[in-house]
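Laid out in structure tokens, this is it:
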């Protein structure tokens, strides 16, 4: 660690007995050692002369030059006074020249303790954290409360997306959750520290343990990280223990779902009891949801994130880890109206867009179907829709089976030899135009002429989409408010993009 000559001069032992005769006292001190003849001076070294030297001794000037040549921090001499020429040399070289009437070795010990203080404080905090948390499994809330008491600063636990799970943190959004390394973020005069909590063989943090040190405690920012590492290990122990329970529950839910999907008739009493134990409602009307992923995802660990995203208003959502993604459904007491189904589809599209921030996911949504056999039907529809959504980036990799049915019906027609040339001619004025107008038109029509949804799919501002649609209408001389023209253009876009493989 390091300090400065000025800070050493503020120590009680030094303040009483050390005088500055020359040099810059703001120089950095990295180590303090007794002078040994012929040994090179290291960068940042404070040289302490143990044996008294006469004020006229030429070796004092030689020591000053050695310190200047080695970029040392200064020299401390046992003396009551020195020659003016020596003072002038110290000033000219910028080397702090200190004299003392006290025992130099005592001052050397005080300096070394000052240099070692951060290391000692760090060790004390690590031991205190280890002792406070102990070897037993503790809950996240208990860990956060314990660390908060040790640091006297806001402490929190965040999930993989940065959402708050336990504790309080004024600036939780500052954590870069995609970077799985300990982080130090400067927030004005405050400092935000974040330590990732990883599971074995996982490159992506499951959780983040964070502490925000206010301006008054920011000087300890170099001391706290090892203690956070100890506390993060305690969180990891909880995760591993909790993981066993989660995996057992996930296997049980997946097995129950499999039994429900294989039903050909009314579910037997035992299956109904298992569903009730899981909190699943088999009665009512269900709308199936299927979320697939195109890369390896820990579905058990990320299940809470998916559950939070799927929070429909007026319905009850169930999410089950299933294969390479999640299968779920929303249940209503009564048959949902067409408006309610469209509103739910819009909600699920927004949830899917949010999930895509952290995973490469595609989603399909089924139609409403009643009772237990209807649950299997709507999930099958959602699975088919998700399978098609995976290959349709222009729809944002999201498909509602109500749209899919019409698209499937007309798709065969658009593949005929006579339709494709006509389709290319119809949208030819859009080719070569700035703004990728063909894909904009396809996304706009897939989104049922919604400017907002099209902007979300394309990742641009809604004003940009509106301006592009105006240009498209002008270039094609069409009115997209007319349903026949919309249908013709929708089919043309579909035929051309399928043929081009885009």
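In our numbering, the protein residues as written are -12 to 489. A virtual CB, placed ideally from N, CA and C, is assigned to each residue, including glycine. Predicted model only: the values in this text are computed from it and were never measured.
Cβ-based neighbour list, residue i, same chain, cut-off 6 Å, excluding 5 preceding and 5 following
i           : result
residue 9   : 74, 77, 78, 84
residue 142 : 131, 134, 135, 154, 198
residue 452 : 438, 441, 442
residue 108 : 210
residue 55  : 80, 82
residue 12  : -8, -7, 83
residue 385 : 336, 339, 350, 376
In DSSP terms, what residue i is bridged to
i           : result
residue 173 : 178
residue 547 : Here the chain comprises residues numbered -12 to 489, so residue 547 is not present and cannot be evaluated.
residue 279 : 312, 349
residue 20  : 34
residue 307 : 314
residue 195 : 145, 183
residue 200 : 178
residue 9   : 84
residue 153 : 144
residue 386 : 351
residue 357 : 272
Distance, residue j Cα to residue i Cα
i           : j           : result
residue 27  : residue 57  : 7 Å
residue 177 : residue 190 : 29 Å
residue 482 : residue 339 : 26 Å
residue 38  : residue 16  : 22 Å
residue 93  : residue 35  : 11 Å
residue 237 : residue 287 : 7 Å
residue 221 : residue 124 : 7 Å
residue 160 : residue 469 : 45 Å
residue 447 : residue 438 : 11 Å
residue 484 : residue 150 : 39 Å
residue 115 : residue 230 : 28 Å
residue 66  : residue 89  : 9 Å
residue 409 : residue 420 : 20 Å
residue 276 : residue 284 : 18 Å
residue 243 : residue 450 : 47 Å
residue 113 : residue 214 : 5 Å
residue 418 : residue 334 : 34 Å
residue 86  : residue 6   : 5 Å
residue 369 : residue 297 : 15 Å
residue 162 : residue 117 : 25 Å
residue 278 : residue 353 : 12 Å
residue 140 : residue 201 : 7 Å
residue 170 : residue 119 : 24 Å
residue 273 : residue 324 : 13 Å
residue 144 : residue 227 : 16 Å
residue 21  : residue 217 : 37 Å
residue 491 : residue 350 : Nothing in the structure corresponds to residue 491, since the chain is present only between -12 and 489.
residue 495 : residue 49  : Absent from the model: residue 495. The displayed extent of the chain is -12 to 489, so no value can be given.
residue 102 : residue 64  : 20 Å
Spatial neighbours of residue i in its chain, beta-carbon cut-off 7 Å, leaving aside the 5 residues before and after
i           : result
residue 393 : Bear in mind that a pLDDT of 47 at residue 393, under 50, signals an unreliable position, so the number given afterwards is only what the model happens to contain. Hits under 7 Å: none found.
residue 364 : 356
residue 424 : 417, 455, 458, 459
residue 292 : 146, 147, 148
Residue i, buried or exposed, once every other Cβ within 10 Å from all chains shown has been counted against 16
i           : result
residue 399 : Here residue 399 scores only 46 on pLDDT, less than 50, and its place in the model should not be relied on; the value that follows carries that caveat. It counts as exposed.
residue 2   : exposed
residue 378 : exposed
residue -10 : buried
residue 396 : At residue 396 the pLDDT is 44, less than 50, meaning the model places this residue with poor confidence; the figure from the coordinates comes in the next sentence. So residue 396 counts as exposed.
residue 175 : exposed
residue 381 : buried
residue 315 : buried
residue 156 : buried
residue 106 : exposed
residue 318 : buried
residue 146 : buried
residue 30  : exposed
residue 307 : buried
residue 266 : exposed
residue 32  : buried
residue 471 : exposed
residue 332 : buried
residue 474 : exposed
residue -3  : exposed
Sequence-distant residues of the same chain with beta carbon closer than 8 Å to residue i, five excluded per side
i           : result
residue 476 : 413, 414, 428, 432, 463, 465, 467
residue 346 : 280, 282, 284, 289
residue 341 : 296
residue 374 : 279, 351
3-residue-minimum beta strand (DSSP E) runs that sit fully inside the region 63 to 122, ordered along the chain:
Fully enclosed beta strand (DSSP E) runs of no fewer than 3 residues occupy 84 to 87 of the region 63 to 122, in order along the chain.
Only counting runs of 4 or more residues, tell me where the alpha helix (DSSP H) segments fall wholly within the region 226 to 278, in order along the chain.
Runs found: 256 to 264.
Which whole runs of the alpha helix (DSSP H) in the region 411 to 455 are 4 residues long or more, in chain order?
Fully enclosed alpha helix (DSSP H) runs of 4 or longer: 424 to 433, 438 to 445.
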